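4 protein chains.
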Amino acid sequence: MAGNSYGTLYKITTFGESHGEALGGIIDGCPSGIQLDLEAIEFEMSRRKPGQSAIVTQRKEPDAVQFLSGLFEGKTTGTPIGFIIPNTNQKSDDYSHIKDNYRPSHADYVYDQKYGFRDYRGGGRSSARETASRVVAGAIAKQMLPEIKINAYVSSVGPIHLETPYQDLDFSKIESNPVRCPDEKSAAIMEEYIRDIRKQGDTVGGVVSCVIQNVPVGLGEPVFDKLHAELGKAMLSINAVKGFEYGSGFSGSEMKGSEHNDLYNPDGTTKTNLSGGIQGGISNGMDIYFRVAFKPVATIMQTQDSLDNKGNIAPMTGKGRHDPCVVPRAVPIVEAMAAIVLADFYLINKTY
Amino acid sequence: MAGNSYGTLYKITTFGESHGEALGGIIDGCPSGIQLDLEAIEFEMSRRKPGQSAIVTQRKEPDAVQFLSGLFEGKTTGTPIGFIIPNTNQKSDDYSHIKDNYRPSHADYVYDQKYGFRDYRGGGRSSARETASRVVAGAIAKQMLPEIKINAYVSSVGPIHLETPYQDLDFSKIESNPVRCPDEKSAAIMEEYIRDIRKQGDTVGGVVSCVIQNVPVGLGEPVFDKLHAELGKAMLSINAVKGFEYGSGFSGSEMKGSEHNDLYNPDGTTKTNLSGGIQGGISNGMDIYFRVAFKPVATIMQTQDSLDNKGNIAPMTGKGRHDPCVVPRAVPIVEAMAAIVLADFYLINKTY
Amino acid sequence: MAGNSYGTLYKITTFGESHGEALGGIIDGCPSGIQLDLEAIEFEMSRRKPGQSAIVTQRKEPDAVQFLSGLFEGKTTGTPIGFIIPNTNQKSDDYSHIKDNYRPSHADYVYDQKYGFRDYRGGGRSSARETASRVVAGAIAKQMLPEIKINAYVSSVGPIHLETPYQDLDFSKIESNPVRCPDEKSAAIMEEYIRDIRKQGDTVGGVVSCVIQNVPVGLGEPVFDKLHAELGKAMLSINAVKGFEYGSGFSGSEMKGSEHNDLYNPDGTTKTNLSGGIQGGISNGMDIYFRVAFKPVATIMQTQDSLDNKGNIAPMTGKGRHDPCVVPRAVPIVEAMAAIVLADFYLINKTY
Amino acid sequence: MAGNSYGTLYKITTFGESHGEALGGIIDGCPSGIQLDLEAIEFEMSRRKPGQSAIVTQRKEPDAVQFLSGLFEGKTTGTPIGFIIPNTNQKSDDYSHIKDNYRPSHADYVYDQKYGFRDYRGGGRSSARETASRVVAGAIAKQMLPEIKINAYVSSVGPIHLETPYQDLDFSKIESNPVRCPDEKSAAIMEEYIRDIRKQGDTVGGVVSCVIQNVPVGLGEPVFDKLHAELGKAMLSINAVKGFEYGSGFSGSEMKGSEHNDLYNPDGTTKTNLSGGIQGGISNGMDIYFRVAFKPVATIMQTQDSLDNKGNIAPMTGKGRHDPCVVPRAVPIVEAMAAIVLADFYLINKTY
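Protein chains in written order, with this note's numbering: chain E, 1 to 352; chain P, 353 to 704; chain H, 705 to 1056; chain F, 1057 to 1408.
Rendered as structure tokens:
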């Protein structure tokens, strides 16, 4: 129990169910004196929210953040920042069909088993709506670390992969298309693919890549709290994530040491960066990059068998807004969690 | 700082450098009354230790564990279990060549940058020798949870992949060959490949797969401490790990929802298990399985450029014992960390 | 940083400034299935709130708790319980006189020094108004542990001490008078004393005693997280607390071992209970009792010198509502923190 | 479970039973580059150890600390410092009389109830011998913070109180007598009193006062991790402690606000210091001082009834070395825990 906090010195705790009164959270440990750019926070929220384009769910979530504490005259005070995001869309009747039914590959069954019952409306606590609170905390973490650049983007949708190395991409184009893929050509193909999936009433997974630049040398706490271990945990805690790799990742496991080793330049930088900016769990000053795999959303508009709480199998068809590919909306969430991890290590490692 | 502990109620803290006087650790939270099978612990240690076969490093580490507390008349007392593993091989002169030199893709540089100086002998704290302490804690966690079966094995070495699904493998054969691959044919090819790499003075990476069976429903603490997020962090904290995926993993990101969803049987089990035994961060009673990617060991017997602490680039040839493929030895470490994660959740979730 | 959480498995995190938009908190780890008695929660809130009698501050705080998550159909769901308590009294102009001034024995100066500036309105985060959130969490903890009886009461006000041992008191009378002293005669004298202090525009301290009954044997985690050590920390974290003692306390330091030892009855109970229900940091099944010392409130209606942020000393007279003795209002806060500590250990210790 | 660690960034974990093979611990988070003065550590150990004078137990404990990691060429490396203190006095037969017997006011009974059985030799884990590990960690914390001066001393023994304010004491005299009371006259009376108690085969409690000087403004993390709350927890975690008060303490509860408030000097210091150097949980730069109450040691050389594990009451006479007054030996332990708390906050608060 009590798994709803992340971080040691920059600590985020979240609460809220999909269709409860409000979501929200507490950011504890944010340094004082940061003049918060509220528009920048709203921008991140708008990137995550449903209904932003034709290829994502049309469910409307205004997602207006209300800050309740920790700010004074526009600046952070060093005391905990409490915030809420009211749920304006609490129509419970939408979800009566799942009250006693467990949808395949949803958390309905395990919540009932673990807790005895559940708030079934919209998935309750297991809904990805919870990530809205993470985006708030991440947006503030970004403002705490203005020198660090975090850019995530969609690098694959289903079978369509963007193979271009990140160094050859123009990150300023990430927001130029609804897929959030900085390569226009790939983005167009991905978008077309998602439209097709949408027509089928199906969903598809994908991969978000993330690049973090200007990180100082020295972040990370071996042997257990290595920088990439915390990044991995943070990413794996996002709904629908199935895998995490950094630097050479799984493909690095196929390589020889003589190929994989990153040789030094005289200034301590390296000629290659298969290490992904992290050595022995500690940032080495090179770009940090990693990839996060998302499974397809479980709610499809096709008919599939579900289980009810009396042990009966019965066909069920997904209701509600259809989200054929959640991966573009996951981009700001990946960035948010990366920023939270960095903010925490920044505070931990700038000590004594 | 202070990243050398893992766990909340089953908590392991480790200490020790590769060539210091001793390694060791403290296991805090182990329940009382467990009759420890010390031979089983030594068996796990022997699986991890160097020199066990022709394809791994020949460095000798007797790795005899001395328990100093927490046991009385052979049983755990519920108080912290302190243990040490003396280092018998402290020949510091082996390492004078790296005193002022940073080996490529080792942690030498970042330790010097972060801490100002370092115990350079054998990599000091960044050496994988630290994992010996984890194996002790994992071996005890296994004995705490006798009903849970944890089987890890090598599923790829460099470009050679074992494609057989785990359900078709005979785990009793894992220890029958030095590669720890339960498929004899694949094992033979992998072994041959490693011998070749060895002759080249090179190293190669690989993948360890792990299957956990008989896990009860309900382990895991959303939203941040999801079961797979903690497993991921634990695996990523092992030396040389570059990636983690569970269930369908990265390949799941290429699938459609209609293919990926695991349909239920009337008893709550599922017909397929692309979810990898975890839904919404909580175990669902199905087999948990995941894959861990290891990069090739950075120390090769070929000459490569290194950097010295005055900014000079100079060629360096690896000295000491050569470990062409660390992946077979990583198998017990993966199992140990899995057992530690489970023990912790077992204590956390069987509450109230 | 990040000191706004208490607990491991029953974890409370609070936010909020005295005159911000709202206070609130998140209770993480509350078990599922508890039918919450909201009136009982409001009752605890009413015990803490100002304006309840003639001898405490008349500032009005409706303190209506709004639960935003973690409840469904009246029962706890096992997910985090988010709640807010809106501040209805946000008249900032009341506090312009302390904007640049540090009141003696208030936290104004240290907050400015630590954070660079502060929300000066009503003491901001350092206001005891924060304890309202603790009372919510404590009231829920009480409902989680219905078998455990927690009774706190005022045992001294200034120089007036109630010397009667708790065994001879009738706890049902605690709420029968505004002082919350179960001895009517002492209560009358204390009340008279407080009225006199009030007339002087002064304040006075006091002591809250607390008795916890029906605690099972075995709660507490030596060697650092001893039951009384956590109780002590929890009490010392309440505003204005200067001391904590349990069992024989400071007077026990004057005794001989032959007098102080609690001899056993055959059933494991003890004839005396100078130990205060705790041996070696673990509950022994006897009544737990302890005393908490509160200093007088620093805000007095007399004129005292203050310091401004330019280094000038200037006389200042307290404004706002006058709280001559905060101790009766501290009674429910002491109970709340005791309940939170017990709930946490209950979850931690009923494991495996 | 898992209560054997203290601290967040300067974290100490201890292990070891009184008569096990060794005690020890791990200090995680000690900054790198500190040239350790091993003699200073041994000096602190010698202050805690039994047999140092005629008025304490004569049990011999050489208490030689062996450092196993975290040091290189005499300096801390920033990696965890593992250490052991071998037990040279493991004569188990001394303790057969308590194997099945619960001594009054010892932890024998609760350990058996909580854990099912116990290492009964010398009290096992509940023995104050555990504090030897704390002294090691505290001695290193002191060296990490050379500017901070921590002086503890005995201010009362049984009914004999040293009333002199600490400002009028000469701390350099603390070590000049076996009682560790800096006032020679009081020390002589206390020593005489202890000798008399010794003759009676009895024991007596006392109070240790502690003064911390040169603490910077800003240490402490409200609202739960206030500086005095952490100091209180740390002190209460020491064996035999029954109470903690800081600044005006319990006597402050008898005062009026007009008397208790500390008026400012223009430089932010205060004319009086009833606050004890802490406001709102944050150090204010004035001297921190507090008092810790110790009960009399439970083992007396007189005959008292004990309980056996079959429910029989039977008289028992204490065996082993007699420790009539543990308070002088507690002085270095109080200092050690204070240093650990400060080191932790020092690392936490010098961030960003």
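Ideal Cβ placement from N, Cα and C applies to all residues, glycine included. Every value quoted in this text rests on a predicted model; they were computed, and no experiment measured them.
Residue i, buried or exposed, once every other Cβ within 10 Å from all chains shown has been counted against 16
{"i": "LEU390/P", "result": "exposed"}
{"i": "LYS825/H", "result": "This sequence places Arg at residue 825/H; Lys is not what is there. So ARG825/H ends up on the buried side."}
{"i": "ASP554/P", "result": "buried"}
{"i": "GLY355/P", "result": "buried"}
{"i": "GLU221/E", "result": "buried"}
{"i": "GLY138/E", "result": "buried"}
{"i": "LYS937/H", "result": "buried"}
{"i": "SER127/E", "result": "buried"}
{"i": "THR622/P", "result": "buried"}
{"i": "LYS551/P", "result": "exposed"}
{"i": "PRO1106/F", "result": "buried"}
{"i": "THR1144/F", "result": "exposed"}
{"i": "ARG1236/F", "result": "buried"}
{"i": "ARG1174/F", "result": "buried"}
{"i": "MET880/H", "result": "Position check: residue 880/H holds Ser in this sequence, whereas Met was assumed. That one is exposed."}
{"i": "ILE1396/F", "result": "buried"}
Which listed residue (the options) has its alpha carbon closest to that of residue i
{"i": "ALA1078/F", "options": "GLY434/P, SER589/P, LYS525/P and ALA489/P", "result": "GLY434/P"}
{"i": "GLY1179/F", "options": "ALA1354/F, PRO1322/F, VAL1273/F and ALA1208/F", "result": "ALA1354/F"}
{"i": "THR317/E", "options": "GLY280/E, THR303/E and ILE278/E", "result": "THR303/E"}
{"i": "VAL157/E", "options": "GLY604/P, SER421/P and SER507/P", "result": "GLY604/P"}
{"i": "ALA1040/H", "options": "ASP874/H, GLY909/H, ARG838/H and ALA944/H", "result": "ARG838/H"}
{"i": "ASN309/E", "options": "GLY243/E, VAL207/E and TYR111/E", "result": "TYR111/E"}
{"i": "ASP991/H", "options": "VAL945/H, PRO886/H and GLN871/H", "result": "GLN871/H"}
{"i": "VAL644/P", "options": "PRO667/P, PHE602/P, PRO383/P and ILE665/P", "result": "PHE602/P"}
{"i": "LEU923/H", "options": "SER1125/F, SER1228/F, ASP1323/F and TYR1171/F", "result": "TYR1171/F"}
{"i": "ILE300/E", "options": "GLY672/P, LEU626/P, GLU544/P and LYS608/P", "result": "LYS608/P"}
{"i": "GLU1203/F", "options": "LEU1398/F, ILE1404/F and ARG1104/F", "result": "LEU1398/F"}
{"i": "PRO790/H", "options": "SER722/H, ALA845/H, LYS846/H and VAL911/H", "result": "SER722/H"}
{"i": "THR483/P", "options": "GLN465/P, GLU515/P, ARG399/P and ILE665/P", "result": "ARG399/P"}
{"i": "ILE41/E", "options": "LYS142/E, TYR95/E and ASP196/E", "result": "LYS142/E"}
{"i": "ALA416/P", "options": "GLY376/P, PHE424/P and TYR447/P", "result": "GLY376/P"}
Whole-number beta carbon distance between residue j and residue i, since they are thought to touch under 8 angstroms
{"i": "PHE224/E", "j": "TYR358/P", "result": "4 angstroms"}
{"i": "ILE364/P", "j": "ILE379/P", "result": "5 angstroms"}
{"i": "PHE719/H", "j": "GLY70/E", "result": "7 angstroms"}
{"i": "ILE590/P", "j": "ILE685/P", "result": "6 angstroms"}
{"i": "LEU699/P", "j": "TYR454/P", "result": "In fact, because the Cβ distance is near 42 angstroms, the residues do not count as touching under 8 angstroms."}
{"i": "PRO1238/F", "j": "LYS1229/F", "result": "4 angstroms"}
{"i": "SER105/E", "j": "HIS612/P", "result": "7 angstroms"}
Check your understanding: Closer than 8 angstroms, Cβ to any Cβ of chain H: which residues of the region 356-384 of chain P, in chain order?
Key -> Answer set for the region 356-384 of chain P: THR360, LEU361 and PRO383.
Exercise for review: Check distances from the C-beta atoms of the region 129-145 of chain E to those of chain H and list, in chain order, the residues that come in under 7 angstroms.
Suggested key: Taking 7 angstroms as the Cβ-Cβ cut-off, the region 129-145 of chain E has no residue approaching chain H.
Point to revise | Members of the region 522-553 of chain P that neighbour chain F once the beta carbon cut-off is set at 8 angstroms | key: Taking a C-beta cut-off of 8 angstroms against chain F, none of the residues of the region 522-553 of chain P qualify.
Point to revise | Cβ contact check for the region 562-577 of chain P and the region 495-504 of chain P: 3 or more pairs under 8 angstroms | key: Judged by Cβ distances under 8 angstroms, the region 562-577 of chain P makes contact with the region 495-504 of chain P, as three or more pairs qualify.
Review point. Listed in chain order, which residues of the region 1342-1365 of chain F have Cβ atoms closer than 8 angstroms to some Cβ of chain E?
Key: Cβ contacts with chain E come from no residue of the region 1342-1365 of chain F.
**Study point:** Any 3 or more C-beta pairs closer than 8 angstroms across the region 1281-1301 of chain F and the region 1337-1344 of chain F
**Key:** Yes, the region 1281-1301 of chain F touches the region 1337-1344 of chain F.
Practice item. Please list the residues of the region 256-288 of chain E that have a C-beta atom closer than 7 angstroms to any C-beta atom in chain F, keeping them in chain order. Key: Those would be none; no residue qualifies.
Exercise for review: Taking a Cβ distance cut-off of 7 angstroms, strictly less, list which residues of the region 151-163 of chain E are near chain P, in chain order.
Suggested key: Answer set for the region 151-163 of chain E: SER156, GLY158 and PRO159.
Practice item. Check distances from the C-beta atoms of the region 1379-1407 of chain F to those of chain E and list, in chain order, the residues that come in under 8 angstroms. Key: Taking 8 angstroms as the upper bound on Cβ-Cβ separation, chain E lies near residues TYR1402, LEU1403, ILE1404, LYS1406 and THR1407 of the region 1379-1407 of chain F.
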